[in-house]
Amino acid sequence: LFLWRTVYYWVMLRDTLVENVLILGTGLAAKDMARQILDRNGDGYHVVGFLTDDPSQVGQRLVNPSVIGTIDELPVLREKFGVDTLIVALEDRRGKMPLPELLRCKLGGLRVEESATFYERLTGQIPVRTLYPSWLIFSQGFQNSGLFHGSREALEFGLALLGLLIAAPVLALTCLCIL
């Protein structure tokens, strides 16, 4: 078991298997996301840094990584740091969501993910403090699988059959009493 664990961590910490993550935002959600990734060192993610819309914040250290640029510099930073995933963790999205840049990134092959979705996948928990109601509507978490649907139908059919078998003698007796 010790040998297996050692080999696992050696493989997961290799640069070729580590996914470089860039976080868009500098608020509470962005900092929490970075802390969660940093706390899970062996999970295969590496925080490259943060992106902001305020050029005066560039260079400021938030958690361990710092603000490395603005959203306008994303194509250059993506190449420079080999970014695989962009996590959108903006505090206030109204009028500040850089939709054209995010769409260009998505079409260019960069995985763009909302912070709540990434947090749920990473930790198995829903980030209630920084959750937007729209996430509950658009998330994939409330879909039932085909196995669940099929087993539910089989259970309902079985219970209906059991109810019919239990009620059959009572129904037969009622028919005899009426005649």
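Mapping of the sequence shown onto my numbering: residues 1362 to 1540, in sequence order.
We put the beta carbon where it would ideally sit given N, CA and C, even for glycine.
Owing to the predicted nature of the structure, the values given are computational and were not obtained by experimental measurement.
- [ ] Can you check DSSP and say which residues form a bridge with residue 1381?
- [x] According to DSSP, which records beta bridges pairwise, residue 1381 is partnered with 1407.
Open item on the list: So, does the segment 1463-1470 touch the segment 1403-1417, judging by three or more C-beta pairs under 8 Å?
Closed with: Contact between the segment 1463-1470 and the segment 1403-1417 is absent, because fewer than three Cβ pairs lie under 8 Å.
Task: Euclidean distance between Cα positions of residue 1536 and residue 1515 - done: Residue 1536 and residue 1515: Cα-Cα distance of roughly 30 Å.
Open item on the list: Quick check on residue 1522: buried or exposed, where buried means 16 or more other Cβ atoms within 10 Å of its Cβ?
Closed with: exposed
- [ ] Starting from the Cα of residue 1399, find the closest Cα among 1484, 1509, 1367 and give me that residue.
- [x] 1484
Task: Pairwise C-alpha distance: residue 1529 and residue 1520 - done: Annotation: residue 1520 to residue 1529 spans about 14 Å, alpha carbon to alpha carbon.
Task: In DSSP terms, what residue 1514 is bridged to - done: Answer by DSSP bridge pairing: none, since residue 1514 is not bridged.
Open item on the list: Taking the beta carbon of residue 1367 as the centre, do at least 16 other beta carbons fall within 10 Å, making it buried, or is it exposed?
Closed with: exposed
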